[in-house]
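Participant: My structure is below; once you've seen it, I'll send some questions.
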Amino acid sequence: MLRYRGKKITALNIVKELDSFPKVQEEIYEPSTYDNIILTALVALFGLWLIISQIQYVLQERYTYKFVTDIEYATKLQIHIDITVASVCDSIGADIVDTTGQNMMLFGELKTDDTWWEMTEKQQNFFNEMRNVNEYLRGDFHSMKDLLMLKGFRTYINTIPIFPVRDTLPDTLPDACRIHGSLILNKVTGNFHITPGKSITVPGGHVHLSSPFFDSVATNFSHRIHQFSFGIPIKGIIYPLEGELHVSRNESDVSYKYFIDVVSTDINTHLAKVKTYQYSAKDIQRIISHESGSHGMPASSFGGVFILFKLMKIIIDKIRKNIYCSHIVGNSHSREKS
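Residue numbers (our numbering): 91 to 428.
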């Protein structure tokens, strides 16, 4: 005789009976396929891209711009000059005047070094890079905010550019003159010029003396501008005249004129506050010919390099915009809507 003793009670059976959720039969499970793996990988990569893009969004510098009236009339203006002219130093002179009529000796002194017009390979590469940036900006860039702190375009953009020192000396005599240095000017309209002969200070201004008082060698005002900037040098700021090159076909008198509008610029970041300057420029080239009635500058019948600068009465206030967590959330939400 068989005796029914009931269902065997175990702890596992008790747990199974307490679980009221329906069970899925084992034969319903689908094995993983390559399509599912690829889809999972794509979703993971998309999520990683979102994270990286948000990090880049936070790290990217953003600035706002305001224009205010410049009332700091008593402040001084620092100017940095580095120009090479295709004439020996004994035959030319450089000086600067402004509308105040002050003695130019109060502004400081520029150095003149005998050099060679032909550059070394290292110098040529550096100068070509400046020229390429200059031409690119004139052709494609027109926004002030993009010009002010352009990054990622050239190797020297993130450093203060310094023209390389000549490492080899030619066997010939110097045929050019490098004029360089820094001056402290009044914050008014001024005129920097390089002309034949030398200048002598006289009451009320200065006069230029040329041959027979000084070297009578013919002057050639072919020139290249390595540096021409105002204020405290700051890495990343673009100065339009840097990399400018003009070559005269012959040694006839040629007048090169540059007209500059200088604007005060205050840069405010979370690290520091800096006051500097930026400018726009245009140039005119004219051959001096007394026979045809072209007599050059009113104060001189010679050719030369003339840079006339005018201070604008506004200040560009450049303020760094801080990014907070709320901005990140809002940016992500706007991307999802789009």
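Glycine residues also receive a C-beta, built at the ideal position from the N, C-alpha and C atoms.
Quick check: what's the CA-CA separation for T159 versus L140?
Facilitator: As a position in the sequence shown, residue 159 is number 69, starting the count at 1. As a position in the sequence shown, residue 140 is number 50, starting the count at 1. Using only the alpha carbons, I get a separation of about 43 Å.
Participant: Under 8 Å: do the stretch 166 to 176 and the stretch 267 to 283 share three or more Cβ pairs, one atom per stretch?
Facilitator: With a cut-off of 8 Å, the stretch 267 to 283 and the stretch 166 to 176 count as touching, because enough Cβ pairs lie within range.
Participant: May I have the straight-line CA-CA distance separating Q375 from K156, to the nearest angstrom?
Facilitator: Reading the sequence shown from its first residue, position 285 is the one you call residue 375. Reading the sequence shown from its first residue, position 66 is the one you call residue 156. When rounded, the distance between both Cα atoms is 35 Å.
Participant: Buried or exposed for M195, going by 16 or more other Cβ atoms inside 10 Å?
Facilitator: For the purposes of this step, residue 195 is taken as the residue at position 105 of the sequence shown. Exposed, since its Cβ has fewer than 16 Cβ neighbours within 10 Å.
Participant: With the cut-off set at 8 Å, would you say T205 and T174 are in Cβ contact?
Facilitator: Counting from 1 along the sequence shown, the entry for residue 205 is found at position 115. Counting from 1 along the sequence shown, the entry for residue 174 is found at position 84. A contact, by the Cβ cut-off of 8 Å.
Participant: Express the C-alpha separation of G393 and T80 in angstroms, rounding to a whole number.
Facilitator: No answer is possible for residue 80: it lies beyond the span of the chain, which begins at 91 and ends at 428.
Participant: Verify whether the separation of the beta carbon atoms of G183 and K288 is less than 8 Å.
Facilitator: The sequence position of residue 183 within the sequence shown is 93, counting from 1. The sequence position of residue 288 within the sequence shown is 198, counting from 1. It is a contact, given that the beta carbons lie within the stated cut-off.
Participant: Going by DSSP in three states, V364 sits in which element: helix, strand or coil?
Facilitator: Your numbering for residue 364 matches position 274 in the sequence shown. Here V364 sits in strand by DSSP.
Participant: Consult DSSP for Q144 and reduce its assignment to one of helix, strand or coil.
Facilitator: Translated into the one-based positions of the sequence shown, residue 144 becomes position 54. Three-state result, Q144: helix.
Participant: Nearest CA to the CA of E332: which residue from Y147, C179, I171 and T130?
Facilitator: Locating residue 332 in the sequence shown gives position 242, where the first residue counts as 1. Looking at the Cα atoms, I171 is the closest of the given residues.
Participant: Do you know offhand how far T355's Cα is from F282's?
Facilitator: Numbered from its first residue, the sequence shown carries residue 355 at position 265. Numbered from its first residue, the sequence shown carries residue 282 at position 192. Each residue's Cα considered, the two are about 22 Å apart.
Participant: Just grab the DSSP bridge partners of R221 for me.
Facilitator: Locating residue 221 in the sequence shown gives position 131, counting from the first residue. Answer is none; R221 lacks a bridge partner.
Participant: Does the separation of the CB atoms of F396 and Y346 fall below 8 Å?
Facilitator: The residue you call residue 396 lines up with position 306 of the sequence shown. The residue you call residue 346 lines up with position 256 of the sequence shown. Yes. Within cutoff.
Participant: So the beta strand (DSSP E) V178 belongs to, where does it begin and stop?
Facilitator: Taking the sequence shown and counting its residues from 1, one reaches residue 178 at position 88. Looking at the DSSP string, V178 is not in any beta strand (DSSP E), and its letter there is neither H nor E.
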